[in-house]
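Trainee: This is the structure I want to talk about, given as structure tokens.
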Amino acid sequence: MGAPVIILGVTGSIAAYKAADIASQLVKGGAKVYVVMTQHACDFITPLTMQTLSRNPVVTSAQDAQTNWKPGHIDLADRATLLLIAPATANVIAELAHGLAGNPLTEIALATRAPLLIAPAMNGKMWEHPATQANVSLLKTRGAEFVGPEAGILACGYEGLGRLATVAEIAIRALEKCGASATVRRAEKPLREKKRE
Ligand SMILES: Cc1cc2nc3c(=O)[nH]c(=O)nc-3n(C[C@H](O)[C@H](O)[C@H](O)COP(=O)(O)O)c2cc1C
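So, in structure tokens, the structure goes:
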């Protein structure tokens, strides 16, 4: 079996800068990583950073996805072993729950049959809102899995449940879901040690 193909969706959260480290850990874990960013994600981190760390071109618009006769994002959707969205905004969770396809990331989410792993990050009140919770439940009934969010001090100044899970936790879950557990275990120790520093 070849290397797993992970599509890393990045959305417009203040935690988007952590997606750079996630991409790097996934590459080190042996995955081929293709990053798809929403327009709002590009306000928080540059496609250039994500391209360099993922070692692949980044999709931010339908134009980026047009490389040959088959739209690139549909080709990616077909090849994916896993669709990981980290960080996932309240907005993208709502879009995914309701099957909206207004950008390449949500189009891929509809087109792929790969499992979906979502790492939410948002203000605690946004996370606890009944609309968000209903969207999360709906996605879970369709088989989507979630990693986090965690409790802690949030970027908005509040304390609560809404922090992005740690980079290590997200990378390990993603790689395990791709059947890359041997590589994950090797990566686990240094990642955890790094977290304690
Ligand atoms: C500074 C700043 C930080 C934000 N952080 C978050 C966040 O962590 N989580 C979230 O759900 N929305 C956050 N938002 C709001 C989203 O950017 C907004 O809902 C946007 O429409 C999301 O678009 P996307 O889901 O297409 O990326 C933030 C907005 C700003 C201005």
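When you number the sequence shown by our numbering, it's gap-free, plus one each residue, and the end is 322. Glycine is no exception: its CB is placed at the ideal position from the N, C-alpha and C atoms. Please read all numbers here as calculations on a predicted model, not as lab measurements.
1. Buried or exposed: which applies to E322, given that a residue is buried once 16 or more other Cβ atoms fall within 10 Å of its Cβ?
2. I need the straight-line Cα distance from K143 to A239, nearest angstrom please.
3. Do A140 and A276 have their C-beta atoms closer together than 8 Å?
4. Going by beta carbon distance, what residues of the same chain come within less than 7 Å of W252, once the five residues before and after it are set aside?
5. Does the segment 130-138 come close enough to the segment 152-160 to have 3 or more Cβ pairs within less than 8 Å?
6. Is M175 helix, strand or coil by DSSP?
7. Can you give me the C-alpha to C-alpha distance between T174 and M162, rounded to a whole angstrom?
8. Under the DSSP definition of a beta bridge, which residues are partnered with F271?
9. What would DSSP say about G285, mapped onto helix, strand or coil?
10. Can you tell me whether E318 is buried or exposed, with buried defined as 16 or more other CB within 10 angstroms of its CB?
11. Taking the beta strand (DSSP E) that L209 falls in, what are its first and last residues?
12. Under the three-state reduction of DSSP, which class applies to G277: helix, strand or coil?
13. Going by C-alpha distance, which of V261, A219, A145 is nearest V183?
14. Helix, strand or coil: which one does DSSP assign to I170?
15. In terms of residue numbering, what span does the beta strand (DSSP E) encompassing I132 cover?
Mentor: Well, looking at it:
1. Low confidence applies here, because E322 scores a pLDDT of 39, under 50, leaving its location unreliable; read the following figure in that light. It counts as exposed.
2. Cα to Cα, K143 sits roughly 23 Å from A239.
3. For A140 and A276, no; Cβs fall outside 8 Å.
4. P245, P274, L286, G287
5. They touch, by the three-pair rule.
6. Of the three classes helix, strand and coil, the one that applies to M175 here is helix, per DSSP.
7. 12 Å
8. I243
9. strand
10. In this predicted model, E318 has a pLDDT of only 46, less than 50, meaning its place in the structure is not dependable; the value taken from the coordinates is given anyway. So E318 counts as exposed.
11. 207-213
12. strand
13. A145
14. coil
15. If you look at I132, you'll find it in the beta strand (DSSP E) that goes 130-135.
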